[in-house]
Amino acid sequence: MSTLREVLEKQVRDGSVPGAVGLVARGRHVDVVAAGSAGTDDGTPMARDSLFRIASVTKPVTAAAVMMLVEDGRIALDDPVASWLPELAAPVVVRTPESPVDDVVPASRAITLLDLMTSRAGYGFPSDFSLPAVGLLFGELKQGSPLQSGVLPPDAWMEALSRIPLLSQPGREWLYNTCSDILGVLIARVAGQPLPEFFAERIFAPLGMSDTGFAVPAEKLGRFTALYRPTADGGLELIDTPAGQWSGMPDFPSGAGGLVSTVDDLYAFARMLLDEGTAGGKRLLTSASVRQMTTDHLTPAQREASGLFTEGQGWGFGGSVDIDRTAPWNVPGRYGWVGGTGTTAHIVPATGTAAIMLSQVELTGPTPPRPMRDFWQYAADA
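Okay, structure coming up:
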């Protein structure tokens, strides 16, 4: 059986990634390995405390923040969200998914917080990215890219969103990504403070996640990895440097994919979920909230329709939940998600295991690349 180091070093040797950091925890035993380099140019060794753009691995953090507000009594899962997001007070829906964006009907009911938490509000990506309403999400809201330049500030972003029709009626279909960005705006408005501040006060500080945030301060840029995109000839194209887009606070702190973190910080968050909402003797979430986050909320038909993104999986709050053993690494009840920058973080509550791998090569599509699948296979077999 391969070791974690062998799994990661193979990825570096074959040119899949310049470097990676992996963590596999079984109970309280934690194995961490850093392999390769932080970039292709200077040869800086990858380290356990290297910083990565974690992209959609942000989503579970956003879901946890919402559940804190629910526990505070500030909002409820069945509440219509228009009280805080008036831009969504009168949504319209395209008549059919293929319809032009001006061929619309009224929404059959209000959008609720539960719709957003389960990614079933009617906004987001289906398997067909060519649909007219999806094109507006890409064009007007800059959805779909792991980079954050050019995204409007939250209020302007919501105003732009209000002019885009839903792709399906609220509650009917699972659609990817956009709901988590809406949740980021909602958190800030319900809490009455910017999203980065709420995350820092309620999640990062209590968990000791001192390297996690929406920007990298100057004194930490030396630990920040570069970001690459695969090229057609098998090479890597640099798309963001350590001193690039995350060196300052973004105009739009993305609840869907804006965070930077380290493997140990993400493990602190994962450990809190495995410990049913507690960390260091403090309770951040009730065990009931953690169960809601890590339980599948989709119908069989909704799971079937979302297959491009979630084959063999359902969806909890902010992450997928394994339902079937579709692949060798699928473990029923496994919760977590992947990021478009080459990141992945999952827990298995039933066994107390966590598996996190951070790399810095952009995914070319929804299908996880071989290095990610190899890591999952190792974590499942270990």
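Note that the working numbering numbers the sequence shown so that position 87 is 102, with each residue one more than the last.
Even for Gly, the Cβ is constructed at its ideal location relative to N, Cα and C.
In the structure shown, aspartate 255 adopts extended strand secondary structure according to DSSP, grouped into three states. Distance from the CA atom of tryptophan 391 to the CA atom of alanine 233, rounded to whole angstroms, is 34 angstroms.
For tyrosine 191, there is no enclosing alpha helix (DSSP H), as DSSP marks it with neither H nor E. Residues of the same chain with a CB within less than 6 angstroms of the CB of histidine 361, apart from the 5 flanking positions on each side, are Arg349, Gly351 and Ala370 in chain order. About 24 angstroms separates the CB atoms of methionine 372 and alanine 80; that is not less than 8 angstroms, and the two are not in contact. By the Cβ neighbour-count rule, phenylalanine 219 is buried, with 16 or more other Cβ atoms within 10 Å of its own.
Residues Trp99 of the same chain have their beta carbon placed closer than 6 angstroms to that of arginine 204, with the five preceding and five following residues left out of the count.
Per DSSP, the beta-bridge partners of glutamine 328 are Asp337. Of the residues Ile254, Asp337 and Ser262, the one whose Cα lies closest to the Cα of threonine 325 is Asp337.
Closest in C-alpha terms to glycine 42, from the list Phe229, Arg286, Arg385 and Trp344, comes Arg286.
Across the structure, leucine 253 and arginine 63 are spaced so that their CA atoms are roughly 22 angstroms apart. The beta-carbon separation of alanine 70 and glycine 272, rounded to 4 angstroms, stays under the 8 angstroms limit for a contact. For glutamate 155, the closest of Ser123, Thr193, Gln184 and Gln328 by C-alpha to C-alpha distance is Thr193.
For the segment 200-225, there is no continuous beta strand (DSSP E) assignment of 3+ residues that stays within its boundaries.
Closest in C-alpha terms to serine 304, from the list Pro268, Gly295, Pro169 and Leu289, comes Leu289. Of the residues Ala105, Thr359, Val96 and Asp389, the one whose Cα lies closest to the Cα of isoleucine 202 is Val96.
When only Cα atoms are considered, serine 269 and methionine 132 end up about 15 angstroms apart.
Taking a C-beta distance under 8 angstroms as the contact criterion, glutamate 113 and leucine 151 do not qualify as a contact pair.
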